[in-house]
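Undergrad: Structure provided below as structure tokens; questions to follow.
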Amino acid sequence: MIGYEFTVYAYKELRNLPQSEQRRIVKKIKEYLSGEDPLEYAKKLQGVPGKVYRFRIGDYRVIFDFLGSKILIIRVGHRKEIYR
Numbered sequence: 049m050i051g052y053e054f055t056v057y058a059y060k061e062l063r064n065l066p067q068s069e070q071r072r073i074v075k076k077i078k079e080y081l082s083g084e085d086p087l088e089y090a091k092k093l094q095g096v097p098g099k100v101y102r103f104r105i106g107d108y109r110v111i112f113d114f115l116g117s118k119i120l121i122i123r124v125g126h127r128k129e130i131y132r
């Protein structure tokens, strides 16, 4: 399993969501990362330099940077607000 880490900002965004959504998002992240190729569930963001991807979890998006053996979660938010 690939490890993951939240930035301080992403952690605050996650904590501001309803608790049921928090649990669902963390559960899905763990599920995606336990597979052979977690990028199978991710989509690369266009127009952003580097290896920045997103997971789609219902109406929420998890923006992350792939750092070799782990991912760094940069943002967590609703799909209407995450890209602003």
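To convert, count from 1 in the sequence shown and add 48; that's my numbering. Just so you know, even glycine gets a beta-carbon here, dropped at the ideal spot from N, CA and C. Since we're looking at a predicted model, the values are computed, not measured.
Taking Y108 as the reference, give the member of E84, G51, S68, Y52 with the closest Cα.
TA: Closest option to Y108, Cα to Cα, is S68.
Undergrad: For G125, count the other beta carbons within 10 Å of its own beta carbon; 16 or more makes it buried, fewer makes it exposed. Which is it?
TA: Classification for G125: buried.
Undergrad: Please report how far the alpha carbon of Q94 lies from the alpha carbon of R127, in whole angstroms.
TA: Approximately 16 Å, taken between the alpha carbons.
Undergrad: Enumerate in chain order the residues of its own chain whose CB-to-CB distance from I105 is below 6 Å, with the five nearest sequence positions on each side excluded.
TA: Result list for I105: I73, K76, in chain order.
Undergrad: Start and end of the alpha helix (DSSP H) containing E69?
TA: Element bounds for E69: 67-82.
Undergrad: Please classify P86 as buried or exposed, where buried requires at least 16 neighbouring CB atoms within 10 angstroms.
TA: It is buried - the Cβ of P86 has at least 16 other Cβ atoms within 10 Å.
Undergrad: Just curious, the beta strand (DSSP E) that L62 is in, first and last residue?
TA: Counting along the chain, L62 falls outside any beta strand (DSSP E), though it belongs to the alpha helix (DSSP H) covering 56-63.
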